[in-house]
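The block underneath contains the structure these notes are about, expressed in structure tokens.
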Amino acid sequence: MPNSIIENALKQAGIGFEIHWIEDGETARNYTQAPHSVLPDLVLLDLNLPRIDGVALLRLIRQEAWFESVPVIVWSSLPSPKDLTAISEFQGTHVICKPSSFERVS
């Protein structure tokens, strides 16, 4: 997968990281339901995923006891009030709205 805006921002900030990309909700669900020896430090979740949408996936993630301590950031262009209400149910979850444009600020 090509560098994302998030990867570029982390690199510019000098933050070391390793990204594990999961491209759809079904694959992400399978990942979270199979305990791993190393948990991610953070999940960055898009609401508009194919196969299982982001809110449903967040609900599934938070049902996994071994995954409950992992912070989740929902990255969405404009979450609906219904989505925001659903997301607010899950402790350790934050929302960041994607910018509508990527104009450089001088």
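So that you can map any letter, position 92 of the sequence shown is 1351 in this note's numbering, and since no number is skipped, the others follow by simple counting.
Yeah, the Cβ is synthetic: ideal placement off N, Cα and C, and Gly gets one too.
Would DSSP call residue i helix, strand or coil?
| i | result |
| --- | --- |
| Trp1325 | helix |
| Leu1269 | helix |
| Pro1340 | helix |
Return yes when the Cβ of residue j is within less than 8 Å of the Cβ of residue i, no when it is not.
| i | j | result |
| --- | --- | --- |
| Phe1326 | Leu1298 | yes |
| Ile1320 | Val1333 | no |
| Ser1312 | Gly1284 | In the sequence as presented, Ser is not what sits at residue 1312; that position holds Asp. The answer is yes: Cβ separation under 8 Å. |
| Leu1316 | Ala1287 | yes |
| Ile1265 | Leu1301 | no |
Using a Cβ-Cβ cutoff of less than 6 Å, which residues in the same chain neighbour residue i once the five nearest sequence positions on both sides are dropped?
| i | result |
| --- | --- |
| Ser1335 | Leu1306 |
Using the DSSP secondary-structure output, state which residues sit across from residue i in a beta bridge.
| i | result |
| --- | --- |
| Asp1305 | Trp1334 |
| Thr1352 | Val1331 |
Among residues of its own chain, excluding the 5 on either side of residue i, which ones have a beta-carbon nearer than 8 Å to its beta-carbon?
| i | result |
| --- | --- |
| Val1314 | Leu1306, Asp1342, Ala1345, Ile1346 |
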